[in-house]
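So the sequence lines, in the order shown, correspond to chains A and B.
Heads up: the first sequence begins at 1 in our numbering, then just goes up one per residue.
Heads up: the second sequence begins at 1 in our numbering, then just goes up one per residue.
Notes to accompany the following structure.
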Amino acid sequence: MAPVPHQKQIATWLLIVAAMIFVMVVLGGTTRLTRSGLSIVEWRLFEGTLPPLTEAHWQELFELYKKTPEYRKINAGMDLAGFEKIFWLEYLHRLWGRLIFFAALAPLPWFLWRRRIEKRLVPRAVAVPLLVALNGVLGWFMVASGLIDIPRVSPYRLTAHLGLAVAIYAYILWMALNLISERAPVNTPPGLRRFAHAVTGLVFLMILSGGFVAGTKAGFAFNTFPWMNGRFFPEGMYAMQPFWINLFENIATVQFNHRLLAYLLCLVIPLFWWQVMRAETAD
Amino acid sequence: MIFFLLLQLLLGMAAGVFNLSLVVVTAHNAIAALLLLSVVNLDHLLTPQKAK
Numbered sequence: 001m002a003p004v005p006h007q008k009q010i011a012t013w014l015l016i017v018a019a020m021i022f023v024m025v026v027l028g029g030t031t032r033l034t035r036s037g038l039s040i041v042e043w044r045l046f047e048g049t050l051p052p053l054t055e056a057h058w059q060e061l062f063e064l065y066k067k068t069p070e071y072r073k074i075n076a077g078m079d080l081a082g083f084e085k086i087f088w089l090e091y092l093h094r095l096w097g098r099l100i101f102f103a104a105l106a107p108l109p110w111f112l113w114r115r116r117i118e119k120r121l122v123p124r125a126v127a128v129p130l131l132v133a134l135n136g137v138l139g140w141f142m143v144a145s146g147l148i149d150i151p152r153v154s155p156y157r158l159t160a161h162l163g164l165a166v167a168i169y170a171y172i173l174w175m176a177l178n179l180i181s182e183r184a185p186v187n188t189p190p191g192l193r194r195f196a197h198a199v200t201g202l203v204f205l206m207i208l209s210g211g212f213v214a215g216t217k218a219g220f221a222f223n224t225f226p227w228m229n230g231r232f233f234p235e236g237m238y239a240m241q242p243f244w245i246n247l248f249e250n251i252a253t254v255q256f257n258h259r260l261l262a263y264l265l266c267l268v269i270p271l272f273w274w275q276v277m278r279a280e281t282a283d
Numbered sequence: 001m002i003f004f005l006l007l008q009l010l011l012g013m014a015a016g017v018f019n020l021s022l023v024v025v026t027a028h029n030a031i032a033a034l035l036l037l038s039v040v041n042l043d044h045l046l047t048p049q050k051a052k
C-alpha cells in the first residue's frame, strides 16, 4: 500500500534530520581529529550561536582557552591565528547541533496541531528533539571532562556522545522507513529476523568500539595490519587492573577488540546476506 | 551492505597504515554511518509491521 501524503511529509522531515545527523557524525570525527574540540571552553546556548565579531571578543575567548590544560600542555605558544583555526570547526560542530535541534523541533507543533501524526506515534516523534537535546548536553558533558587537568576528553563520555548520536540516527531512520517503506512478507523466518537484529546490534557495537579507539587514541599505537607490532595478540593486552578496565582504557585491547569485531563482521555480514538471498529465492 | 563493509575494512586498514590521515579517518566515520544505514534498512525490511 502506498504511503498517504502526510506520512510522506513526516518521513521527509525525519530523513532530513537523519541526514543532518549523518553530517554531524562526520563533522564530529573531523573536529576531534583536528584537535579542535576543546577550543571553546564555555557552553552558551544562545549567545554562542554567533561567532566572535570583534577583535576584543576573539581575544577574550583566546584568553579563556589559554587557561585550559590543552593549551598549557600541548598548544603552549599558539597565537590567535592558530586558535581561530581550531575554533571554527568546534563552532561549526556546535552550530550544526543547534540546527539539528531546530530541524527536529520546528515542524513538530505543526504536525501535532494538524493531527498529521498517528496517536500511537506521537510519543516517538516528540522523543526526537528531546533525544537531540540530550545529546547536546552530553556533548558539553564530554567537553567539560577535557578542561580539568588532563588535556583529553573522557573516552566513556566520547563514546556515549557518539553512541547516542548513532542511536538517534538509527531510531529516526527506522521511524521514517515505517512510514514510507513496504514491509516484508509476514512469513520471514523468525530466525532471520533475529539474525538481522543481531547484525544491526553488532554494527552498533563496532561503532561504539570505534568511539573507544578514538577516545583512547589507540589508533596511533599500532600502525600495521594484520599484526599489531609483529603479533596477532598485542603485548600488554590485559596489563591493567581490574580486568574489565582493559576493555575500555588499555589501548592494545581497545584496538584489538575493534579489529576483532571487524573480523566478526566480515564473517557475519556475508553470511547474513546469503541467508537473505536464500530466503528470497525460497519465496 | 557488502560494498560498504569492504570499503570500511580498506579504510580501517588505510587509517592505521597512513597514521590516521584526516581524509581516510573521516571517510571511515562516514562509511560506518552508511553501513549502519544499510543494515537498519535491511533489518526493517525483514521485520513485519506490527498490527495497528
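Heads up, the beta-carbon is just placed ideally off N, CA and C, and yes, glycines get one too.
Note that the coordinates shown come from a computational prediction; the quantities given were computed from them, not determined experimentally.
Leaving aside the five residues that flank residue 51/A on each side, the residues in its chain whose CB is nearer than 6 Å to its CB run, in chain order, 91. The distance from the Cβ of residue 81/A to that of residue 36/B is about 38 Å, inconsistent with a contact at the 8 Å cut-off. As computed with DSSP, residue 231/A is found in a beta bridge with 228/A. When rounded, the separation of the alpha-carbon atoms in residue 276/A and residue 41/B is 13 Å. Contact annotation, residue 215/A with residue 155/A: C-beta distance approximately 3 Å; criterion of less than 8 Å satisfied.
When secondary structure is reduced to three states using DSSP, residue 240/A falls in the coil class, being assigned neither helix nor strand. Identification of chain A residues near residue 39/B by a Cβ-Cβ cut-off of 7 Å yields 199, 200 and 203, ordered along the chain.
Taking 8 Å as the upper bound for CB-CB distance, residue 9/B and residue 262/A are in contact here, some 6 Å apart.
Beyond the five residues adjoining it in sequence on each side, residue 129/A comes within less than 8 Å, by CB distance, of 101, 104, 105 and 108 in the same chain, given in chain order.
In this chain, residue 152/A is not harboured by any alpha helix (DSSP H), its DSSP state being neither H nor E. With respect to the C-alpha of residue 83/A, the residue from 248/A, 149/A, 66/A and 161/A having the closest C-alpha is 66/A. For residue 207/A, the nearest CB of chain B lies under 8 Å from its own CB, placing it at the interface with that chain. In the three-state reduction of the DSSP assignment, residue 118/A falls in the coil class, being assigned neither a helical nor a strand state. The contact set of residue 22/B on chain A, defined by CB atoms closer than 9 Å, consists of 30, 33 and 34 in chain order.
Contact annotation: residue 17/B and residue 256/A have beta-carbon atoms that are not nearer than 8 Å. Inter-residue distance for residue 179/A and residue 17/A is about 15 Å (C-alpha atoms, whole angstroms). Contact with chain B is found for residue 188/A, since one of that chain's Cβ atoms lies less than 8 Å from the residue's Cβ. Counting only Cβ-Cβ distances below 9 Å, residue 181/A has contacts in chain B at 41, 44 and 45, in chain order. Per DSSP, residue 81/A is one residue of the alpha helix (DSSP H) stretching across 80-105. Pairwise C-beta distances place the stretch 199-208 of chain A out of contact with the stretch 123-140 of chain A, as fewer than three of them are shorter than 8 Å. Taking a Cβ-Cβ cut-off of 9 Å, the neighbours of residue 222/A in chain B comprise 16, given in sequence order. Annotation for residue 269/A: 199 place their beta carbon closer than 8 Å to its own, counting only its chain and skipping 5 residues before and after. Across the structure, residue 254/A and residue 133/A are spaced so that their CA atoms are roughly 29 Å apart.
With at least 16 other beta carbons inside 10 angstroms of its own, residue 61/A counts as buried. Taking 8 Å as the cut-off, the Cβ atoms of residue 111/A and residue 195/A do not count as close. Residue 272/A: member of the alpha helix (DSSP H) spanning 251-282, first to last residue. By the neighbour-count criterion, in which 16 or more other beta carbons inside 10 Å mark a residue as buried, residue 173/A falls on the buried side. By the criterion of a C-beta distance shorter than 7 Å, residue 10/A is surrounded in its chain by 111, 116, 117 and 179, once the five residues flanking it on both sides are discounted.
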